[in-house]
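Going left to right, the sequence shown walks through residues 1391 to 1961 as our numbering numbers them.
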Amino acid sequence: MLRLARYLKEYKLESALAPLFKLLEAAFELLVPIVIARIIDVGIANKDSNYIIKMGILLVTLAVIGLTSAIVAQYFSAKAATGFGTKLRDDLFSHILGFSHAEIDVLGRDTLVTRVTNDSDQVQNGVNRFFRLVLRSPFIVAGAFIMSFHIDPKMSMIALTVIVILAITVALIMSKSIGLYRNVQRKLDRVLGKTGENLTGIRVIRAFSKENSEVDEYDKATKDLYNDQVLVGNISALLNPLTYVVVNLGIVAILKAGAVQVNIGNLTTGQVVALINYMSQILVELVKFANLIILLSKASACAKRINEIFDIKSSITGGSGELDLEGYNGDIITFENVGFAYPKAKEEALSDISLSIKKGETVGIIGGTGSGKSSLINLIPRFYDISRGSIKLAGKDIKEYSLDSIRKNVALVEQKSRLFRGDIRDNLLWGDENASDSELFEAADIAQATDVINSKEKRLDSEVAMYGNNFSGGQKQRLSIARSLVKKAGILILDDSSSALDYATDSRLRKAIRQIKDITTIIVSQRIVSIKNADRIVVLDDGKIVGIGTHDELLKNSPIYKEIYNSQVMS
């Protein structure tokens, strides 16, 4: 928790005022039993109605001041905690966006979502409650004990005994619950993972009629979480009854001993009532403080999980150079004996890759499933770093350039087209936020997406639902390609991004792209028709290059390419 305290820097005043106003509220609350005792011992005993009215007004005044102090404290506490949570989530989200694909693959999406949302909320709630109770509860417990000691030292020993027993009870419950709360958070990750997996794959689940089995698996995950939550809930639930039993026994002891002291004249009735009130205050505040400790235990477990993410640094860091392709006319991309393995993989996904791509060249990449096509092109924008060898862009090692300058010059359209909630214009402007409508339509023309835009009533202002679910697969692909073309990058990579297009549209798309001046195009495809007119075609098999050449050359010299060609022509 202390490591995250830096997010309170801008809320130092609120962080100080919130507990101080709660302290002020507590001070007025401690005066109430004394005033009540005076009303009983002086006002009621002497039948002095004026004194009773005067003390009653004092009680109301103390209540109003206490309420005002509490409201002000709540305001400052909520402001500081909300600001803390906002800055924490912003920084955590920004940190996660800086991860390479390697870190994302290892951590998993679901645990990252949990830490940005649920864990951050738990820490924020802990901060809020901390400001409200960190001074108030200990102050009232100590103050109530001192006030009872002032009334009668012997009777105050009962309160001291109660405080010690309650402290031991709280410590035991807390020690049992902290580890369990951490297990609960880990199992919550699993439940969220199953939820996300099922919602994103709902069509596949329905297509294979796997609803029942998925429900069973989800039930197992939730039941596992439920069992841990019930266990930690049961342990935490012991807190209130145990503390009430202890304090009520203390009150009984005070009543019994106090009755004797009243009979012999050592104590007044009002003083006994004051002692009982102070014991009740101790009960309430110790219960609050115990709940605070349990909440802080949750927050501490969540803060530890958040700090684990902050401790992870991206394995990919950029250099200081700026990539400029406009004035360069040599080999744009060069792979030299490149080897690459995914995190925790035992074998390389790519081995001994050597390849040079000239400026303005169109290169096709083909191969069977798992041959390494996507792995290869993901190395160009440095989504992953190579295990060995080197990659050069415009004649310099790729690691010498800043990540921003590399990705500014590389436009990638992935296999799975992703559109974001908003409208069509918003999505296309990801390529260039300053692009005009005419530039957007120019890119759409090349991507064969103009009819998609014009078919919508509001054209560029037409709504895009989450994940682009109100568009077909082919429409999403064309809009994704248009978005990349708006970027006007020197390198365009199409990773099987026309798989949902019919052959005629695919042909027009490739023909239009070839008309773009000074653009280097890499087309990854399973369909030979999509790459047969490329300047060169690279054939991959089991992570290795097994053939490079034109379509005609590969038909003569590459058995694998010829096999792929025959399978598609014959079909």
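No residue lacks a Cβ here, since even glycine has one placed at the ideal position from N, Cα and C.
For S1920 and D1896, believed in contact at Cβ under 8 Å, the rounded distance: 6 Å
Local conformation of T1752 per DSSP, three classes: strand
Residue burial classification, M1445 (beta-carbon count within 10 angstroms, cutoff 16): buried
Below-8 Å beta-carbon distance, A1801 vs any chain D residue: The chain inventory of the structure shown lacks chain D, comprising one protein chain alone.
Beta-carbon gap between K1469 and E1415 smaller than 8 Å: no
Opposing strand residues paired with R1778 [DSSP bridges]: G1729
Given K1402 as reference, the closest of V1450, A1460, S1467 and L1628 once Cα atoms are compared: S1467
Buried or exposed (CB count within 10 angstroms, at least 16 for buried), D1579: buried
Bounding residues of the alpha helix (DSSP H) (the contiguous stretch that carries V1432): First-last for V1432: undefined, no H or E at that position.
Unbroken beta strand (DSSP E) run spanning T1910, endpoints: T1910 to V1914
Nearest-angstrom Cα separation, counted from D1701 out to T1476: 20 Å
CB contact flag (E1829, V1876, <8 Å): yes
Per DSSP, cross-strand counterpart(s) of E1853: D1813
G1757 versus S1764: straight-line alpha-carbon distance, rounded: 10 Å
Inter-stretch contact (C-beta, 8 Å, three-pair minimum) for the stretch 1626-1635 and the stretch 1673-1686: yes
Beta carbon of T1911 nearer than 8 Å to that of I1918: no
Three-state class that DSSP yields for S1405 in the structure shown: helix
Outcome for F1535 when other beta-carbon atoms lying within 10 angstroms are tallied against a minimum of 16: buried
C-alpha distance - R1393 paired with T1559, whole-angstrom precision: 29 Å
Start-end ranges of the alpha helix (DSSP H) lying completely within the stretch 1455-1540, minimum 4 residues: 1491-1497, 1499-1504 and 1510-1523
Local conformation of T1759 per DSSP, three classes: coil
Per-residue DSSP class, three states only, for I1683: helix
contact_flag[the stretch 1817-1837, the stretch 1860-1879] where n(CB pairs < 8 Å) is 3 or more: yes
Endpoints, the beta strand (DSSP E) within which R1917 is located: Looking at the DSSP string, R1917 is not in any beta strand (DSSP E), and its letter there is neither H nor E.
Beta-carbon proximity list for H1491, same chain, < 8 Å, skipping 5 on both sides: N1768, F1773 and Y1774
Element boundaries [alpha helix (DSSP H), containing K1703]: No alpha helix (DSSP H) holds K1703; DSSP gives it neither H nor E.
Cβ contact (3+ pairs, closer than 8 Å) linking the stretch 1689-1701 and the stretch 1500-1510: yes
6 Å CB neighbourhood of S1746 in its chain, flanking five on each side removed: D1721 and T1724
Residue from A1833, I1909 and I1755 whose Cα sits closest to the Cα of I1954: I1755
Three-state class that DSSP yields for D1841 in the structure shown: helix
Nearest to T1590 (by Cα), restricted to the options V1800, L1525 and R1808: R1808
Bridge partner(s) assigned by DSSP for I1723: I1747 and L1783
CB of Y1616 within 8 Å of CB of S1687, strictly: no
A1649: first and last residue of the uninterrupted alpha helix (DSSP H) it sits in: L1629 to N1653
Exposed unless 16 or more other CB atoms sit within 10 angstroms - verdict on K1412: buried
Proximity of I1563 and L1639 at Cβ, strictly below 8 Å: no
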